[in-house]
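Enquirer:
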Amino acid sequence: MISLLFWNVGRLSRRTLITRLARANDADVILLAEVADKPIELLKELNKTQTSYFFSPGIGNTKILAFTRFSDQFFRPCWETDRLTIRRMRLPGLEEILLAVVHFPSKLHWSERSQAMECTELGAEIRKEEERAGHQRTILVGDLNMNPFESGTVSAVGLHAVMDRRIAREGSRVVQGREYPFFYNPMWGLLGDGSRGPAGTFFHRHAEQEAYFWNMFDQVLVRPALLDRFDFKDLAILDDTGAERLVKESGVPDRDVGSDHLPVLFRLNLRVAA
Amino acid sequence: MIDLWPSELSTVDQRSPLTILKEQASLLGEKTQNIVIAELEYTPPAGGWRQNNYPFKYGFLLTCPALGNYRFGLFSIAYDIEMYPVSFILDSDVAEEIIEQTHLEPGMNGELKASNEEEFIEILKRIFSSRKTARVIRALLSQAKS
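These protein sequences, in sequence, are chains A and B.
Going by the working numbering, the first residue of the first sequence is number 1, and it counts up by one from there.
Going by the working numbering, the first residue of the second sequence is number 1, and it counts up by one from there.
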């Protein structure tokens, strides 16, 4: 199993926490957005007690940081913008996958409509890269700054991410004569206080008519080709590093300790059948 | 048969933004011995959300064949049949750098608009001269040669 950890660190120096989270969850791949620590400092901290992580830099994208337990030669970027890095993860003996890591503009600066438009671009970029790779074994992870139920996430021309893996297994859907592949969005299953773990990854209380309080901005989307390699029970929103809580007593993210976002952990079984 | 068409119909006195971009794209390859090349990628309209309903949209990509055809989306332009104004959708680092240098006001989402060829060329020049562009090209050259 490969363990992947994503965290929007909220422009705060959190290298000790990142290290604890990575160690406590046995993370093989650490993906970070809004990092205040320099990569070299973070790498030193990650490898302080045991040298096991490599820094896997982007070329054009330097805002999303990646650290891996394997050499960066197995995790090369193939398509990047300032908000996206798509990596080909090719590990010996394991299925190659495309890992798209994204950090979308905040709702503070972009309207929901603009975010939805941007999702059409992102969806198209991923499809192009899949065409180049010759497969659709793709995971999209990151801070979308959108909820699973928003237009950009759901619409066919956007990310086309559905809440039911049985629908995702259909592979694709034709709308107006154009075919769009599905993503499965397991984050639906972690929404609200009836789910295991926190009710979302980001909390925002504001004085206007429409307020969700909890948002699921940090998401993991899985293409149908990887559904058999992903188990919902291997997905978690983390609120604890093992040494400290990342949430206040009320359960909302504690920025004084961690970040305004909570980390997301997931695992994939990429072993090639014998 | 009477010809109702005006005689000057086929006279084209304006270069399209795409033509200018193609010229510039070919120059990058010459400067880097084709280690880093620039490609233009047409983005077909996608439903009702295409960029401000512009029918023509092209991405300007820096690509490096020696690095598994790595591609970096530096910016995109979008325009309609009238060609100008041309809307630039910029890399955020480049945008930050050049918006403070130009007299042009960024629009929604940090987009820049060139209202004529002169402004279009000015913005292109600033994008190509930006620190971010230079950094990415140098990083590609360095990795491709190692």
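For each residue, glycine too, the CB sits at the ideal point set by N, CA and C.
What residues match up with residue 3 of chain A in a beta bridge as DSSP calls it?
Expert: By one-based count along the first sequence, residue 3 of chain A stands at place 3. Residue 3 of chain A is bridged to A:267.
Enquirer: What residues in its chain sit with their C-beta under 8 Å from that of residue 59 of chain A, if we drop five residues either side in the sequence?
Expert: Start at 1 with the first residue of the first sequence, and residue 59 of chain A comes out as number 59. Residues 77, 80 of the same chain have their beta carbon placed closer than 8 Å to that of residue 59 of chain A, with the five preceding and five following residues left out of the count.
Enquirer: Under 7 Å, Cβ to Cβ, is there at least one residue of chain A near residue 42 of chain B?
Expert: Numbered from its first residue, the second sequence carries residue 42 of chain B at position 42. Not a single CB atom of chain A sits nearer than 7 Å to the CB of residue 42 of chain B.
Enquirer: Can you give me, in chain order, the residues of the segment 70-98 of chain A that have a beta carbon less than 9 Å from any beta carbon in chain B?
Expert: 76, 77, 78, 79, 80, 81, 82, 83, 84, 88
Enquirer: In the DSSP assignment, what are the bridge partners of residue 150 of chain A?
Expert: For the purposes of this step, residue 150 of chain A is taken as residue 150 along the first sequence, with counting starting at 1. Answer is none; residue 150 of chain A lacks a bridge partner.
Enquirer: Could you please give me the residues that DSSP links to residue 30 of chain A through a beta bridge?
Expert: Within the first sequence, the letter at position 30 stands for residue 30 of chain A. A:5, A:67.
Enquirer: Just curious, the alpha helix (DSSP H) that residue 93 of chain B is in, first and last residue?
Expert: Residue mapping note: residue 93 of chain B aligns to position 93 of the second sequence, counting from 1. Residue 93 of chain B -> alpha helix (DSSP H) spans 92-99.
Enquirer: Run through chain B and tell me which residues come within less than 8 Å of residue 167 of chain A, C-beta to C-beta.
Expert: Along the first sequence, one-based indexing puts residue 167 of chain A at 167. Within 8 Å Cβ-Cβ: nothing; residue 167 of chain A doesn't reach chain B, min ~20 Å.
Enquirer: Excluding the 5 residues preceding and the 5 following residue 239 of chain A in the sequence, name in chain order all residues of the same chain whose CB lies nearer than 7 Å to its CB.
Expert: Residue numbering aside, residue 239 of chain A sits at position 239 when the first sequence is read from its first letter. A distance below 7 Å between beta-carbons, with the five flanking residues on each side excluded, links residue 239 of chain A to the following residues of its chain, in chain order: 197, 198, 245, 246, 247, 262.
Enquirer: Establish whether the CB of residue 60 of chain A and some CB of chain D are separated by less than 7 Å.
Expert: Annotation note: the requested chain D is absent from the structure, which comprises protein chains A and B.
Enquirer: Might you give, ordered along the chain, the residues of its own chain that have their beta carbon closer than 7 Å to the beta carbon of residue 17 of chain B, omitting 5 neighbours on each side?
Expert: Working through the second sequence from its first residue, we reach residue 17 of chain B at position 17. Taken in chain order, the residues that qualify are 77, 79, 83, 86, 120.
Enquirer: At the 7 Å Cβ level, is residue 92 of chain B part of the contact set with chain A, yes or no?
Expert: As a position in the second sequence, residue 92 of chain B is number 92, starting the count at 1. Yes, because at least one Cβ of chain A sits closer than 7 Å to the Cβ of residue 92 of chain B.
Enquirer: Below 7 Å on C-beta distance, what does residue 70 of chain B contact in chain A?
Expert: By 1-based counting over the second sequence, the position of residue 70 of chain B is 70. In chain order: 59, 77, 78.
Enquirer: Using a Cβ-Cβ cut-off of 6 Å (strictly less than) and excluding sequence neighbours within five positions of residue 175 of chain A, which residues of its own chain qualify?
Expert: Here residue 175 of chain A corresponds to residue number 175 of the first sequence, with the count starting at 1. The residues are 156.
Enquirer: For residue 167 of chain A versus residue 222 of chain A, is the C-beta distance shorter than 7 Å?
Expert: In the first sequence, counting from the first residue as 1, residue 167 of chain A sits at position 167. In the first sequence, counting from the first residue as 1, residue 222 of chain A sits at position 222. Inclusion of residue 167 of chain A and residue 222 of chain A in the CB contact set at 7 Å is not warranted, their separation being larger than that value.
Enquirer: Are residue 137 of chain A and residue 226 of chain A close, meaning C-beta to C-beta below 7 Å?
Expert: If you number the first sequence from 1, residue 137 of chain A lands on position 137. If you number the first sequence from 1, residue 226 of chain A lands on position 226. Yes, these two residues count as a Cβ contact at 7 Å.
Enquirer: If you follow the alpha helix (DSSP H) that residue 80 of chain A is part of, which residue opens it and which one closes it?
Expert: For the purposes of this step, residue 80 of chain A is taken as residue 80 along the first sequence, with counting starting at 1. Where residue 80 of chain A is concerned, there is no enclosing alpha helix (DSSP H), although the beta strand (DSSP E) it sits in stretches over 75-80.
Enquirer: Along the chain, where does the alpha helix (DSSP H) containing residue 128 of chain B start, and where does it finish?
Expert: Against the second sequence, residue 128 of chain B aligns to sequence position 128. Looking at the DSSP string, the run of the alpha helix (DSSP H) that includes residue 128 of chain B is 117-128.
Enquirer: Just mark residue 194 of chain A as buried or exposed, buried being the case when its beta carbon has 16 or more other beta carbons within 10 Å.
Expert: To locate residue 194 of chain A, count along the first sequence from 1; it is residue 194. Exposed.
Enquirer: Give the interface partners of residue 139 of chain B over in chain A, defined as CB-CB distance under 7 Å, in chain order.
Expert: Walking along the second sequence from the start, residue 139 of chain B turns up at place 139. The answer, in chain order, is 59.
Enquirer: Would you call residue 170 of chain A buried or exposed, if buried means 16 or more other Cβ atoms sit within 10 Å of its Cβ?
Expert: Position 170 of the first sequence holds residue 170 of chain A. Exposed is the call here.
Enquirer: Hey, out of B:113, B:144, B:89, whose CA is closest to residue 121 of chain A's CA?
Expert: As a first step, residue 121 of chain A is located in the first sequence; it is residue number 121 there, counting from the start. Out of B:113, B:144, B:89, B:89 has the C-alpha closest to the C-alpha of residue 121 of chain A.
Enquirer: Do we get a CB-CB distance below 7 Å when we pair residue 136 of chain B with the residues of chain A?
Expert: To locate residue 136 of chain B, count along the second sequence from 1; it is residue 136. Closer than 7 Å: yes.
Enquirer: Taking residue 9 of chain A as the reference, give the member of A:38, A:24, A:92 with the closest Cα.
Expert: Numbered from 1 along the first sequence, position 9 holds the residue referred to as residue 9 of chain A. Selected option, being the one with the closest Cα: A:38.
Enquirer: Between the C-alpha atoms of residue 112 of chain A and residue 29 of chain A, what's the straight-line distance to the nearest angstrom?
Expert: If you number the first sequence from 1, residue 112 of chain A lands on position 112. If you number the first sequence from 1, residue 29 of chain A lands on position 29. Straight-line Cα distance between these residues: approximately 30 Å.
Enquirer: Based on DSSP bridge pairs, tell me the residues matched to residue 142 of chain A.
Expert: Against the first sequence, residue 142 of chain A aligns to sequence position 142. The partner list for residue 142 of chain A (beta bridge, DSSP) reads A:102, A:219.
Enquirer: From the beta carbon of residue 73 of chain B, is the nearest beta carbon of chain A less than 7 Å away?
Expert: In the second sequence, the residue the question calls residue 73 of chain B occupies position 73. Yes, its Cβ sits closer than 7 Å to a Cβ of chain A.
Enquirer: When you compare the CB positions of residue 96 of chain A and residue 90 of chain A, do they come within less than 7 Å of one another, or not?
Expert: Here residue 96 of chain A refers to the residue found at position 96 of the first sequence. Here residue 90 of chain A refers to the residue found at position 90 of the first sequence. Against a cut-off of 7 Å, the Cβ pair of residue 90 of chain A and residue 96 of chain A comes out as a contact.
Enquirer: Closest to residue 60 of chain B by CA distance: which of B:2, B:124, B:118, B:5 is it?
Expert: Translated into the one-based positions of the second sequence, residue 60 of chain B becomes position 60. Nearest of B:2, B:124, B:118, B:5 to residue 60 of chain B, Cα basis: B:124.
Enquirer: For residue 189 of chain A, which residues from the same chain have a beta carbon less than 7 Å from its beta carbon, with the 5 sequence-adjacent residues on both sides left out?
Expert: Within the first sequence, residue 189 of chain A is the residue found at index 189, counting from 1. If we look at residue 189 of chain A and ignore the five residues flanking it on each side, its Cβ neighbours are 195, 232.
Enquirer: Using CA coordinates, which residue listed in B:116, B:35, B:138, B:122 is at the minimum distance from residue 101 of chain B?
Expert: As a first step, residue 101 of chain B must be located in the second sequence, where it is residue number 101. Selection B:116, B:35, B:138, B:122 evaluated against residue 101 of chain B yields B:122 as nearest (Cα-Cα).
Enquirer: Once DSSP output is grouped into helix, strand and coil, what is the label at residue 228 of chain A?
Expert: Translated into the one-based positions of the first sequence, residue 228 of chain A becomes position 228. The answer is helix: DSSP assigns residue 228 of chain A an H, G or I state.
Enquirer: Tell me the DSSP secondary structure of residue 85 of chain A in three-state form.
Expert: Sequence index remark: in the first sequence, residue 85 of chain A carries index 85 (1-based). It is a strand residue.
Enquirer: For residue 49 of chain B and residue 117 of chain A, I'd like the C-alpha separation in whole angstroms.
Expert: Working through the second sequence from its first residue, we reach residue 49 of chain B at position 49. Working through the first sequence from its first residue, we reach residue 117 of chain A at position 117. Since pLDDT at residue 49 of chain B reaches only 45, below the 50 mark, its modelled position is unreliable, and no value is offered.
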